[in-house]
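**Q** So the sequence shown is residues 1 to 199, counted in the UniProt record's numbering.
Just so it is clear, CB atoms sit at the ideal spot from N, CA and C, and this is done for glycine as well.
Since the structure is predicted, the reported quantities are computational estimates derived from the model, not experimental observations.
Before we start, here is the structure in question, set down as structure tokens.
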Amino acid sequence: MPQGQPSVVPDDGLTTRQRRNRPLVFVHTGPGKGKSTAAFGLALRAWNQGWPIGVFQFVKSAKWKVGEENALKVLGASGEGGSVVWHKMGEGWSWVQRDAQLDNEQAAKEGWEQVKRDLAAETHKLYVLDEFAYPMHWGWIDVDEVIEVLRARPGTQHVVITGRNAPEKLVEFADLVTEMTKVKHPMDTGQKGQKGIEW
């Protein structure tokens with residue numbers, strides 16, 4: 001295990017072990033590619049530790065066959081690591097199609113209610129709330145409520161939230177925030193997404 005020295009040791013009365021093992025909130029945001037990919041990489045590590053994992057996809061269509069979904073479901077069913085439960089909400093890329101969003105908004109709210117139930121029951125050790133920044137950014141889900149629910153969650157449940165335009169309040173609250181910044185992308189030169197790269 002890497003041995004690093006933190007730049008600041010807080011005067012919080014916790015031991016090093018207690019501080020090391022406290023539950024974290026991650027935010028992966030920004031315009032660059034890799035936000036969900038990084039979250040699913042974290043899910044692979046969690047699976048390897050035997051943690052139960054809950055994935056909640058908030059914007060991508062329920063019809064899409066996402067490569068990470070298939071891989072993590074196979075791993076979850078293997079009996080060798082943690083379990084994996086996958087929930088899909090929404091009917092497509094809502095940030096492109098803003099004119100028919102009532103169903104997506106309702107699905108996002110229902111998904112958030114399920115997340116709250118699972119957190120209260122300590123159902124999972126890692127929650128991947130994929131594209132969850134969008135429903136907060138659009139005002140479908142109240143950011144203050146999300147922060148309060150996450151602050152009050154019991155046990156040692158880790159939560160990673162992905163999506164562009166993560167609300168500033170959420171960024172301030174989170175323990176680890178990464179902003180993906182695009183430098184170049186094949187779509188800049190007219191190339192569409194391809195199998196094995198985008199899905």
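For the segment 162-190, list the beta strand (DSSP E) runs that are entirely contained and at least 3 residues long, ordered along the chain.
**A** For the segment 162-190, whole beta strand (DSSP E) runs of length 3 or above, ordered along the chain, are 176-179.
**Q** Given V25, which residues of its chain have a CB within under 6 Å of its CB, disregarding the five upstream and five downstream residues?
**A** Closer than 6 Å at the Cβ level, and outside the excluded window around V25, lie L150, V159, A174, D175.
**Q** Report the CB separation of K89 from G111 in whole angstroms; it is logged as a contact under 8 Å.
**A** One point to set straight first is that residue 89 is Met, not Lys, in the sequence displayed. Going by Cβ atoms, the distance from M89 to G111 rounds to 4 Å, so yes, they are a contact pair.
**Q** Please report the Cβ distance between W138 and K109, rounded to the nearest whole angstrom; I am assuming they are in contact, meaning their Cβ atoms lie under 8 Å.
**A** Their Cβ separation, rounded to whole angstroms, is 12 Å, which puts W138 and K109 out of contact at 8 Å.
**Q** Please say whether M180 and G34 have beta carbons closer to each other than 8 Å?
**A** Contact: yes.
**Q** Within 10 Å of its beta-carbon, does Q106 have 16 or more other beta-carbons around it, so buried, or fewer, so exposed?
**A** It counts as exposed.
**Q** So the beta strand (DSSP E) K125 belongs to, where does it begin and stop?
**A** First-last for K125: undefined, no H or E at that position.
**Q** I need the straight-line Cα distance from K169 to E148, nearest angstrom please.
**A** Rounded to whole angstroms, K169 to E148 spans 11 Å at the Cα level.
**Q** Buried or exposed, going by whether 16 or more other CB atoms sit within 10 Å of the CB of D99?
**A** Residue placement at D99 cannot be trusted, given a pLDDT of 48 that sits under 50; what the coordinates show is reported in the next sentence. With fewer than 16 other Cβ atoms within 10 Å, it is exposed.
**Q** Just the C-alpha distance for H185 and H28, rounded to the nearest angstrom, thanks.
**A** The straight-line gap from Cα to Cα measures roughly 18 Å.
**Q** Rounded to the nearest angstrom, how far is the Cβ of E131 from that of V59, given a contact under 8 Å?
**A** With 8 Å as the limit, E131 and V59 qualify as a contact, their Cβ atoms being about 4 Å apart.
**Q** Is it buried or exposed for E198, if we count other Cβ within 10 angstroms and need 16 for buried?
**A** Its Cβ having fewer than 16 others within 10 Å, E198 is exposed.
**Q** If you measure between the beta carbons of V128 and A71, is that distance less than 8 Å?
**A** No, Cβ-Cβ distance for V128 and A71 is not below 8 Å.
**Q** How would you label S36, buried or exposed, when you count the other beta carbons within 10 angstroms and need 16 or more for buried?
**A** Buried, by the Cβ-count rule.
**Q** Apply the 10 Å Cβ neighbour rule to K192 and answer buried if 16 or more other Cβ atoms are within range, or exposed otherwise.
**A** When all chains shown are included, K192 counts as exposed.
**Q** Let me confirm a value: R17 is counted as buried when at least 16 other C-beta atoms fall within 10 Å, else exposed. Which label applies?
**A** When all chains shown are included, R17 counts as exposed.
**Q** Given S83, which residues of its chain have a CB within under 8 Å of its CB, disregarding the five upstream and five downstream residues?
**A** So the qualifying residues of the chain are P52, I53, G76.
**Q** Once the 5 residues before and after P167 are set aside, which same chain residues still bring their CB inside 8 Å of it?
**A** The residues are A133, M136, H137, V143.
**Q** For the beta strand (DSSP E) that T29 lies in, which residues bound it at each end?
**A** From DSSP, the beta strand (DSSP E) with T29 extends over 25-29.
**Q** If the criterion is Cβ atoms closer than 8 Å, does the pair F56 and V146 meet it?
**A** No, the Cβ-Cβ distance between F56 and V146 is not below 8 Å.
**Q** Comparing C-alpha positions only, which one of N104, G196, R153 sits nearest to L126?
**A** Nearest C-alpha to L126: R153.
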